[in-house]
Amino acid sequence: MIRGVRWPYPIEFDQVEHVDTDVLVLGGGAAGCMAGSGAAEAGARVVVLEKASTIASGASGSGSDHWESAATNPCSKVSPEELTDAMIRSHGGYNNGISHYIECREGWDRLLDIEAARGKIRDTDDDFVGAPFRDRATKLLFAYDYVNRFSLRIWGQTFKVAQLRNAKRNKVRFLDRVMATGLLTEGGRLGARVVGAVGLHGRTGKTVVVRAKAVVIATSRPTRVWLFDPAAPGISEFRPPQCTGDGHAMAWRVGAEFTMLEKAIRAEWSGTRSFVPYGAGNNHNTWYACTMVDAEGREIPWVDRDGRELTTVAERYRPSPGQRFFLKGGGEPDVPSYEFRGPETLSVDELLERGYKLPLYADLTRMPEQERRVIWGVMVGNEGKTKVPIMQAYTSAGFDPDKHRIQSYGDGWKSGGFLPQERQFFGIPGGLMNDWELMTNVEGLFAVGDSLFASNCYGHACATGHYGGRHAAAFAARRDHGEIHEPQLESVREMHYRPLGVERGHKWQEVNLALSRHMQHHCGDFKTDELLERGLAGLTELEERHGGTLVGRTPHDLIRIAEVRNIIMTARIILHSCLARKASSEWLHFSRLDYPEFDPPEWKKFVTVRLTEDGVAYGAKSLDYYGSLTDEYERHNLDYIESPKKASARR
Amino acid sequence: MSTRPGTSPPTGDLHFVPDAAVFSPIYIDDELCIGCNLCVFVCQADLFLPNEVKGGAPSVLFPGECWYEGSCVDHCPVPGAITLNTQLYNRVHWEESRMPPE
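Top to bottom, those sequences are chains R and U. Position 280 (the first sequence) corresponds to 280 in the working numbering; numbering is contiguous. Position 85 (the second sequence) corresponds to 1085 in the working numbering; numbering is contiguous.
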């Protein structure tokens, strides 16, 4: 008989650690770390629960290549109002005006915080003196639109460490390897004020109970809902495998309101269905605007929004004649509107028609020397998943950007082929609904970063993190602690340890695979009421019959199992969100066979879903529910605007 | 806490059988590794287990969960002690650049 491996950590399944704080942050990624700092700077005692290890955790823990929409940086030629308006309009109104305005208005402040904690935000080594993307006075490097200068190239590999340093300097307490598993509410009631949360330690298996006056959800967006590979679950998606909708599931259980979760695009990224992001030949995002060539070495034409062929590399970084500015990067719309559309290479179909030969290649040797070095050195050298697996690995295998071209696979930059039913939350998906304090409809429950609806990017995560953290601190300052309702705590604990008692059952990988298959069938490219209802019923079966037989032995297993339960819960929210919208929508990549009309005027609104005592309630909010961006922002942030440290927000 | 969960937690040493792996994302050179466990500390997926012998190399217990972002390599103080291995199917082709025929 195989005796197996001895678990090296103490087993504490029967232990409960109690912690008290003012503000509790769930998740220690870019947003959570900054929420901790923001709350602590506002005078609160802060605890952060982090499932992994804060120093490198989250989608950007291992780096980031650019920071979007820093509209108040000293070189920006676009105002926060103009830029937010562009982001809203280029998504047909289906965007988070509040969070993106915060991103535009406060992003630069957060860059200065990170710099003060020794993160590198400018070319202090003078590696790019004279480059067209560098400002001589500030030494900032810009990405994409070199004329308007609101997105920055950054040395993101230094950022997470700096954020952690900044938070610790502010006396934020981090509990690493603790997964938040459940929220606690007053009297254990649905929709009542939040009084704390429960966590599970991934090494010892102990329960951690944190009593708090305000709780901030910073657990990103869910993955592995439609895409799952049991051989390599870690790269089933673009985002880290730990992004499993933990905050979504917890918030749903206590009655928080969600919106836009009916929006899931046809998948674009997965380590098992496409090449490593930015690892194959491409000219987008990290690699923008690399020259592409065909098999014979002919350059692929770049065109502006009017289809005019560009004759120089410099033009790829400039707006079209008559255009104010263009949008590029992670938050760009899937179908860019004419108004904000940037330069692009011709589509593959067009290229084939014109006689270009596959395969295509990205050819850095044809780029000006400084552009080549900034793409391969700064961008690929600092993006989260490209420094070690791409730059270091390719270099040690002999790749030389001065000599070689890299093959592109499939349709251009994505290098993957996905089926229509393989969906993904990418770009600007749904999430928690928020007000001007980034509070949800549940009193004391805040949301920041990618757990918010229509959110994306490092700058957005940091800006909303700080903002949500300081508003949570202000909320906490006005409240006393609530009482923890023991039966609610016990029900979370029961969920933690149930898999230990299961003799014969399913591993988490098998249940996750079953769920992803189920969602492809019932919530794929086409939807109907009957399919979606059947989808919900199937989830109940999965939860009750098979979820109940999830088997685990180690604390590590218990974490993975809790994650799969959360993904199933997220799937439930998604199905309800789809049922609630009785119309198709191009903006939302949402196609209903039974309601085939696209974007009828009466459905141009945010549809919301939440759990109530009487079942799931569907609601709606107008697309401009947040009111005047400038007025509302200033009304809610007088203290911040007047603080001497935050010069840029004061303007 | 007044009540215990509805199961009998194991007592004493816990032994378990690790999953069979399809991929080997991480290679640790036992000769170079100084057993500092920084990789164990930083890993997002917590897929390493520390060696119970002080100074010994950690083991990779949950390789399937690797996100292949390379934080373990990035934080390792000894160059070459730990290597990230891209899956074969994710390895891309490159070649000498060439100009088009006249």
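Ideal Cβ placement from N, Cα and C applies to all residues, glycine included.
>> When you compare the CB of W7/R with every CB in chain U, is at least one pair closer than 8 Å?
In response: Stepping through the first sequence from its first residue, residue 7/R is reached at position 7. Output row for W7/R: interface = yes.
> Along chain U, in chain order, which residues have C-beta atoms closer than 8 Å to that of R298/R?
Replying inline: The residue given as residue 298/R occupies position 298 in the first sequence. Neighbours of R298/R on chain U, chain order: P1100.
> How big is the Cα-Cα spacing for Q163/R and F174/R?
Replying inline: Against the first sequence, residue 163/R aligns to sequence position 163. Against the first sequence, residue 174/R aligns to sequence position 174. In a straight line, the C-alpha of Q163/R is about 12 Å away from that of F174/R.
> At a CB-CB cut-off below 7 Å, which residues of chain U make contact with Q407/R?
Replying inline: The count along the first sequence starts at 1 and reaches residue 407/R at position 407. The answer, in chain order, is V1092, H1093, W1094.
> What are the start and end residues of each continuous beta strand (DSSP E) run of 3 or more residues lying completely inside the region 395-420 of chain R, in chain order?
Replying inline: 404-407
>> Counting beta carbon pairs with one atom in the region 50-63 of chain R and one in the region 153-167 of chain R, are three or more of them shorter than 8 Å?
In response: yes
> Should Y338/R go down as buried or exposed, given a rule of 16 or more other Cβ atoms within 10 Å for buried?
Replying inline: Reading the first sequence from its first residue, position 338 is the one you call residue 338/R. Y338/R should be labelled exposed.
> For T244/R, which residues from the same chain have a beta carbon less than 7 Å from its beta carbon, with the 5 sequence-adjacent residues on both sides left out?
Replying inline: To locate residue 244/R, count along the first sequence from 1; it is residue 244. The answer, listed in chain order, is P222, T223, R224, E563, N566, I567.
> By Cβ distance, which residues of its chain are closer than 6 Å to R122/R, with the 5 residues on each side in sequence left out?
Replying inline: To locate residue 122/R, count along the first sequence from 1; it is residue 122. Cβ within range, chain order: K139, L140.
> Quick one, which of H66/R, M439/R, E422/R has its alpha-carbon nearest D229/R's?
Replying inline: As a first step, residue 229/R must be located in the first sequence, where it is residue number 229. Residue E422/R is the option with its Cα nearest to D229/R.
>> Please report the straight-line C-alpha distance between I375/R and Q407/R, rounded to a whole angstrom.
In response: Numbered from 1 along the first sequence, position 375 holds the residue referred to as residue 375/R. Numbered from 1 along the first sequence, position 407 holds the residue referred to as residue 407/R. Cα to Cα, the separation comes out at about 16 Å.
>> Assuming contact is defined by CB atoms lying nearer than 8 Å, are Y1027/U and P389/R in contact in what I supplied?
In response: Start at 1 with the first residue of the second sequence, and residue 1027/U comes out as number 27. Start at 1 with the first residue of the first sequence, and residue 389/R comes out as number 389. Result no, Cβ atoms of Y1027/U and P389/R do not sit closer than 8 Å.
>> Does G672/R come out as helix, strand or coil in the three-state DSSP assignment?
In response: Past the boundaries of the shown model lies residue 672/R; chain R is included only from 1 to 651, so the question cannot be answered.
> Quick one: what does DSSP say A39/R is sitting in, helix, strand or coil?
Replying inline: Residue 39/R sits at position 39 when you count from the first residue of the first sequence. Helix.
> How should T395/R be labelled, buried or exposed, when 16 other C-beta atoms within 10 angstroms of its C-beta is the threshold for buried?
Replying inline: By one-based count along the first sequence, residue 395/R stands at place 395. Exposed, because fewer than 16 other Cβ atoms sit within 10 Å of the Cβ of T395/R.
> Using DSSP with H/G/I as helix, E/B as strand and the rest coil, what is W108/R?
Replying inline: In the first sequence, residue 108/R corresponds to position 108, counting from 1. Residue state, collapsed to three classes: helix.
>> With distance defined between alpha-carbon atoms, name the residue in Y633/R, T311/R, R498/R nearest to T345/R.
In response: Numbered from 1 along the first sequence, position 345 holds the residue referred to as residue 345/R. The residue with the shortest Cα to Cα distance from T345/R is T311/R.
> Looking at the C-beta of D363/R, does it have a partner C-beta in chain U at a distance below 8 Å?
Replying inline: If you number the first sequence from 1, residue 363/R lands on position 363. It does; some Cβ of chain U falls within 8 Å.
>> Just to confirm before moving on: does the CB-CB distance between S1097/U and R405/R stay below 8 Å?
In response: Position 97 of the second sequence, counted from the start, is the residue given in the question as residue 1097/U. Position 405 of the first sequence, counted from the start, is the residue given in the question as residue 405/R. Cβ distance < 8 Å, so S1097/U and R405/R count as in contact.
> Shorter than 8 Å from the beta carbon of P233/R to some beta carbon of chain U?
Replying inline: Against the first sequence, residue 233/R aligns to sequence position 233. So yes, P233/R belongs to the interface.
> For G535/R, which residues from the same chain have a beta carbon less than 6 Å from its beta carbon, with the 5 sequence-adjacent residues on both sides left out?
Replying inline: Mapped onto the first sequence, residue 535/R falls at position 535. Once the five neighbours on either side are set aside, the close Cβ partners of G535/R are H522, C523, L575.
> To which residues of the same chain is G505/R closer than 7 Å at the C-beta, ignoring the five residues directly before and after it?
Replying inline: In the first sequence, residue 505/R corresponds to position 505, counting from 1. T549, L550, V551.
> If you measure from the beta carbon of P1018/U to each beta carbon in chain R, is any gap under 8 Å?
Replying inline: Sequence index remark: in the second sequence, residue 1018/U carries index 18 (1-based). Yes, its Cβ sits closer than 8 Å to a Cβ of chain R.
>> Taking a contact to mean a Cβ-Cβ separation below 8 Å, would you say T21/R touches V5/R in this structure?
In response: If you number the first sequence from 1, residue 21/R lands on position 21. If you number the first sequence from 1, residue 5/R lands on position 5. Not a contact, by the Cβ cut-off of 8 Å.
> Quick one, are the C-beta atoms of Y317/R and Y146/R less than 8 Å apart?
Replying inline: Here residue 317/R corresponds to residue number 317 of the first sequence, with the count starting at 1. Here residue 146/R corresponds to residue number 146 of the first sequence, with the count starting at 1. Cβ distance < 8 Å, so Y317/R and Y146/R count as in contact.
>> Using only CA atoms, which one of G279/R, L558/R, G449/R, S643/R lies nearest to K507/R?
In response: Reading the first sequence from its first residue, position 507 is the one you call residue 507/R. With distances taken between Cα atoms, K507/R lies closest to L558/R.
>> Could you check whether the region 465-477 of chain R touches the region 433-440 of chain R, counting it as contact only if at least three pairs of C-beta atoms, one from each stretch, sit closer than 8 Å?
In response: yes
> So is E1031/U in contact with chain A if we call contact Cβ pairs under 8 Å?
Replying inline: Absent from the structure is chain A; the protein chains it does hold are R and U.
>> What does the Cβ neighbour count give for Y679/R, buried or exposed, with the cut at 16 atoms within 10 Å?
In response: Because chain R here runs from 1 to 651, residue 679/R falls outside it and cannot be looked at.
>> For a cutoff of 8 Å on Cβ pairs, would you count G999/U as touching chain R?
In response: Given that chain U is displayed from residue 1001 to residue 1102, the structure contains no residue 999/U and the question cannot be resolved.
>> If distances are taken between C-alpha atoms only, which option among P1101/U, E1102/U, W1094/U comes closest to D363/R?
In response: Against the first sequence, residue 363/R aligns to sequence position 363. Nearest option by C-alpha distance: W1094/U.
> How would you call V78/R, buried or exposed, if buried means at least 16 neighbouring beta carbons within 10 angstroms?
Replying inline: Looking up residue 78/R in the first sequence gives position 78. V78/R comes out buried.
>> Going by the DSSP bridge assignment, what does D20/R pair with across the sheet?
In response: As a working mapping, residue 20/R is identified with position 20 in the first sequence. Beta-bridge pairing links D20/R to R211/R.
> For M439/R, does the three-state DSSP call read helix, strand or coil?
Replying inline: Walking along the first sequence from the start, residue 439/R turns up at place 439. DSSP places M439/R in strand when its eight states are reduced to three.
> Which residue or residues does DSSP assign as beta-bridge partners of I641/R?
Replying inline: Looking up residue 641/R in the first sequence gives position 641. DSSP lists no partner for I641/R.
> Does the beta carbon of S628/R come closer than 8 Å to any beta carbon on chain U?
Replying inline: Taking the first residue of the first sequence as position 1, residue 628/R is located at position 628. So no, S628/R is outside the interface.
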